[in-house]
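The next block holds one structure in the form of structure tokens; read it before the comments.
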Amino acid sequence: MNASEATPPTIDSRNDLSPLFQTHRPAPSASYAPYAVQTLSTVRRIGVMGDLHGDIEHALQAFGTLADRGVHVILQLGDWGVLWPGRNWQIDLNKVARALARHQMTMFFVEGNHDWHPKLSEYPLDPDGVRWITANIAHLPRGYRTQIGGRFTLAALGGANSIDRKLRKEGLSWWPEEQISGSDLRRLGPQHADVLAGHEAPLMDEADLDRRAQELGFSTDDIAYATESRVMFRCAVLQTRPRLTLGGHYHRFYDQVLPLPGVTHHPTRVVVLDTNGKNRVNLAILDTATLDLEFLYRNGAPAESTFSAPERATDDRLGS
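Sequential numbering of the sequence shown, starting at 9, is according to the working numbering.
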């Protein structure tokens with residue numbers, strides 16, 4: 009169906025912006041002029057953001073930092089948290105959507121463990137397989153795939169397990185849908201993906217993580233539950249054999265290399281962005297032509313990484 013033939017979308021009564029499930033264009037609004045919404049497939053550079061936790065102030069400053077660098081599309085890596093029960097999430101959602109519109113930006117996000125999973129599922133999938141929350145904010149469901157940079161494949165696999173689930177209340181601050189399931193892995197499929205974006209990470213210093221969790225008073229069962237989603241995400245990495253994984257969840261900045269069994273010519277680069285906050289490495293810019301990354305603090309100051317890129321084989325598509 010051509011955009012000109014699409015049925016006009018109904019207005020979502022929860023906010024004054026249309027989800028535009030078919031046209032993918034911003035609804036006319038008194039607050040901004042319509043603009044052409046960019047997608048992950050249509051831009052050279054993608055802004056990447058770690059955990060947000062519904063922090064509107066952090067989001068607004070980050071938008072400005074990325075806009076100053078010519079970024080028009082943002083990929084947020086879970087614990088988005090703008091929709092949350094018990095708060096005026098409609099107001100927060102409109103603040104974020106209007107701020108994006110001022111910079112002519114689009115935000116895509118995967119869900120983390122601290123996201124309102126049942127509410128996200130209320131938004132229907134569009135023909136491209138995404139859920140438009142507003143005209144310029146969309147959720148990428150688990151298993152979603154798209155092309156970036158004209159030749160690379162990006163796949164999405166949100167979800168993670170909450171180590172503190174026993175301190176939360178089901179249906180208000182914790183949801184069992186947070187877990188990465190076998191059906192999620194089947195939906196993702198075995199096809200190669202150059203970039204795997206999620207909330208989890210396949211490689212962390214597990215001994216250090218377990219020690220920190222024990223010091224915070226979490227039980228062996230709590231730690232085992234939290235580990236399960238990391239194991240599932242590792243399975244996804246083995247399925248898709250990406251060159252790069254992007255995640256959050258751990259509230260720390262990591263940039264490491266994960267050798268994959270049977271793959272010698274190109275290991276996987278594992279990047280974990282820090283959580284929201286002033287002195288956190290929460291932002292990056294992904295060059296979709298090279299898959300190189302530039303790391304930033306939210307005020308725009310550059311952040312250093314210790315990553316050293318390995319030499320690439322002639323065919324730099326891992327697993328091809």
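Where a beta carbon is used, it is the ideal one built from N, C-alpha and C, also for glycine.
Short Cβ contact (7 Å threshold) for residue i with residue j
{"i": "I171", "j": "M240", "result": "no"}
{"i": "T283", "j": "D123", "result": "no"}
{"i": "D263", "j": "V245", "result": "no"}
{"i": "P6", "j": "A201", "result": "Not covered by the structure: residue 6. The range shown for the chain is 9 to 328."}
{"i": "V51", "j": "L294", "result": "no"}
{"i": "Y233", "j": "N169", "result": "yes"}
{"i": "A143", "j": "Y152", "result": "no"}
{"i": "R306", "j": "T73", "result": "yes"}
{"i": "L266", "j": "P184", "result": "no"}
{"i": "R195", "j": "W182", "result": "no"}
{"i": "I64", "j": "K103", "result": "yes"}
{"i": "V203", "j": "L162", "result": "yes"}
{"i": "P126", "j": "L180", "result": "no"}
{"i": "L281", "j": "G256", "result": "yes"}
Residue i classed as buried or exposed, judged by whether at least 16 other C-beta atoms fall within 10 angstroms
{"i": "Q247", "result": "buried"}
{"i": "D76", "result": "exposed"}
{"i": "A107", "result": "buried"}
{"i": "E214", "result": "exposed"}
{"i": "L254", "result": "buried"}
{"i": "S237", "result": "buried"}
{"i": "L299", "result": "buried"}
{"i": "E186", "result": "buried"}
{"i": "A44", "result": "exposed"}
{"i": "I225", "result": "A quick correction: the sequence has Gly, not Ile, at residue 225. By the 10 Å Cβ count, G225 comes out exposed."}
{"i": "T276", "result": "buried"}
{"i": "D192", "result": "buried"}
{"i": "Q84", "result": "buried"}
{"i": "T314", "result": "exposed"}
{"i": "N121", "result": "buried"}
{"i": "F29", "result": "Here F29 scores only 29 on pLDDT, less than 50, and its place in the model should not be relied on; the value that follows carries that caveat. Buried."}
{"i": "T228", "result": "exposed"}
{"i": "G166", "result": "buried"}
{"i": "R95", "result": "exposed"}
{"i": "R7", "result": "The chain is shown from 9 up to 328; residue 7 falls before or after that span and cannot be answered."}
{"i": "R110", "result": "exposed"}
{"i": "R219", "result": "exposed"}
{"i": "R159", "result": "exposed"}
Backbone secondary structure at residue i - three-state DSSP
{"i": "R238", "result": "helix"}
{"i": "A35", "result": "Only weak support is given to the placement of A35: the predicted model assigns it a pLDDT of 44, under 50, and the question is left unresolved by the model."}
{"i": "F29", "result": "Note that F29 scores a pLDDT of 29, beneath 50, so its modelled location is shaky; the value from the coordinates is reported in the next line. Reduced to three states, the DSSP call for F29 is coil."}
{"i": "F116", "result": "strand"}
{"i": "P126", "result": "helix"}
{"i": "Y233", "result": "helix"}
{"i": "E312", "result": "coil"}
{"i": "L196", "result": "helix"}
{"i": "G206", "result": "strand"}
{"i": "F71", "result": "helix"}
{"i": "A297", "result": "coil"}
{"i": "Q171", "result": "One detail in the question is off: residue 171 reads as Ile in this sequence, not Gln. It is coil, neither helix nor strand."}
{"i": "H257", "result": "coil"}
{"i": "M9", "result": "For M9, the predicted model reports a pLDDT of 43, less than 50, meaning its position is unreliable and no value from the coordinates is stated."}
{"i": "H80", "result": "coil"}
{"i": "I54", "result": "strand"}
{"i": "V245", "result": "helix"}
{"i": "Q46", "result": "coil"}
{"i": "A292", "result": "strand"}
{"i": "N284", "result": "coil"}
{"i": "L263", "result": "Strictly speaking, residue 263 in this sequence is Asp, with Leu absent from that position. If DSSP states are grouped into helix, strand and coil, D263 belongs with the strands."}
{"i": "I99", "result": "helix"}
{"i": "H147", "result": "strand"}
{"i": "I188", "result": "coil"}
{"i": "R139", "result": "strand"}
{"i": "V278", "result": "strand"}
{"i": "R201", "result": "A small fix is needed here, since residue 201 is Ala in this sequence, not Arg. Correct three-state label for A201: coil."}
{"i": "R153", "result": "strand"}
{"i": "H66", "result": "helix"}
{"i": "L108", "result": "helix"}
{"i": "L217", "result": "helix"}
Rounded distance between the beta-carbons of residue j and residue i, thought under 8 Å
{"i": "I54", "j": "V90", "result": "Contact doesn't hold; Cβ gap of about 19 Å is too wide."}
{"i": "H207", "j": "G62", "result": "Not quite, the Cβ-Cβ distance comes to about 15 Å (not below 8 Å), so this is no contact."}
{"i": "L268", "j": "I156", "result": "L268 to I156, Cβ: 21 Å. No contact."}
{"i": "L291", "j": "A70", "result": "6 Å"}
{"i": "P310", "j": "L304", "result": "6 Å"}
Cutoff 7 Å: residue i Cβ touching any chain B Cβ
{"i": "L133", "result": "Included in the structure is just one protein chain, with no chain B present."}
Validate contact between the segment 104-120 and the segment 147-160 using beta carbons, cut 8 Å, 3 pairs: yes
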